[in-house]
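In the working numbering, the protein residues as written are 21 to 341. No residue lacks a Cβ here, since even glycine has one placed at the ideal position from N, Cα and C. Note that the structure is a prediction, hence the values are computed from the model and not measured. Below is one structure, written out as structure tokens, with a few remarks after it.
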């Protein structure tokens, strides 16, 4: 009996975990939890970076589609591209301010919607109003392009009489380069159009694609079009040899090529989108890429980027890239 009692007491004293076993279990549990947390953090960072990539790519694609529509409608009904603004006296359907160390700037005249009519009175030097066949889709502060299909003039509307079709026009600020006949006769085409300026600026420290709806005019200020656009580079396809097409050496403002003389047939636009926030953690390892005649950035940072390039045939100028 005494031997059995001693045996039961010994078994009771050996039951449960020892202190060493508890410590080993605690270490293993800590390692397992740490591994799970590391996986969770890695997945969270991956999802965040994926969202940043998607947002950056979307920020580039949206304005690129808009610019594509703008340039497809550039120089409406004027195949020569000779368009003068009577308010600012600027000449040309497409004007590029090229830079090799900063974003480019471009002014473009394009059709604003599908509003087309014709004139019932002539437009010449000193004309302050013109009568059109249909003024129902025109409004005050709209800009119209009056053209004979060879050249055109942009003029802003100051008043509209829909019943009579009379449009009061802004005064002429300079000597107009009118057609040889002295002006635009009855029956000239009247198109609602716009001269806008596209550039890259900064809004609250974020690089942003800007649009000035009246370009060189003072009536309106530049407005944000798309945030996160760090660079815009423009190359113009110029038909230097009058072959009707664009060769590889006929891209003005591309790498190694300056301004060229000839008919503009196409435009190549490159947008560089940059995430609005830096990546968290890690080391700086991203660079702004080279585009056209602007070299890549020399120093690294923590901003992810996406670059999108598109080539657009300017239909109204009669060419193809």
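Asked                                                                                                                                                                          : Found
For the candidate residues 278, 247, 286 and 165, whose alpha-carbon lies nearest to that of residue 266?                                                                      : 286
Buried or exposed, going by whether 16 or more other CB atoms sit within 10 Å of the CB of residue 46?                                                                         : exposed
Buried or exposed, going by whether 16 or more other CB atoms sit within 10 Å of the CB of residue 91?                                                                         : buried
Could you spell out where the beta strand (DSSP E) holding residue 156 opens and where it closes?                                                                              : Careful: residue 156 lies outside any beta strand (DSSP E) and carries neither H nor E.
Which residue wins for smallest C-alpha separation from residue 264, given the options 39, 299, 79 and 284?                                                                    : 284
Within the same chain, show all residues whose beta-carbon is closer than 8 Å to that of residue 51, passing over the 5 residues directly before and after it, in chain order. : none
Enumerate in chain order the residues of its own chain whose CB-to-CB distance from residue 258 is below 8 Å, with the five nearest sequence positions on each side excluded.  : 266, 270, 271, 272, 280, 281, 282, 283, 284 and 285
Would you call the CB atoms of residue 248 and residue 294 closer than 8 Å?                                                                                                    : yes
Examine the ligand MN and report whether any of its heavy atoms sits within less than 7 Å of the Cβ of residue 281.                                                            : Looking at this structure, you won't find the ligand MN or any other ligand, since it has none at all.
Helix, strand or coil: how does DSSP classify residue 161 here?                                                                                                                : coil
Are residue 150 and residue 141 closer than 8 Å when you measure CB to CB?                                                                                                     : yes
Three or more beta-carbon pairs under 8 Å between the region 119 to 131 and the region 212 to 224, yes or no?                                                                  : yes
Near residue 203, what residues of its chain come up, given a Cβ to Cβ distance below 6 Å and the 5 sequence neighbours on each side ignored?                                  : 142, 143 and 144
Does the beta-carbon of residue 325 have 16 or more other beta-carbons within 10 angstroms, so that it is buried, or is it exposed?                                            : buried
Can you name the residues that DSSP bridges to residue 273?                                                                                                                    : Its beta-bridge partners do not exist; DSSP assigns none.
Alpha carbon to alpha carbon, what distance is there between residue 94 and residue 335?                                                                                       : 8 Å
Give a yes or no on whether the C-beta atoms belonging to residue 124 and residue 116 are separated by under 8 Å.                                                              : yes
With a threshold of 6 Å on Cβ separation, who are the neighbours of residue 178 within its own chain once the five nearest residues in sequence on each side are excluded?     : 188 and 190
Beta-carbon separation of residue 309 and residue 327 under 8 Å?                                                                                                               : yes
Rounded to whole angstroms, what's the CA-CA distance from residue 57 to residue 246? Just pull it up for me.                                                                  : 37 Å
As a quick exercise: from 251, 329, 185 and 333, pick the residue whose alpha carbon is nearest that of residue 307.                                                           : 251
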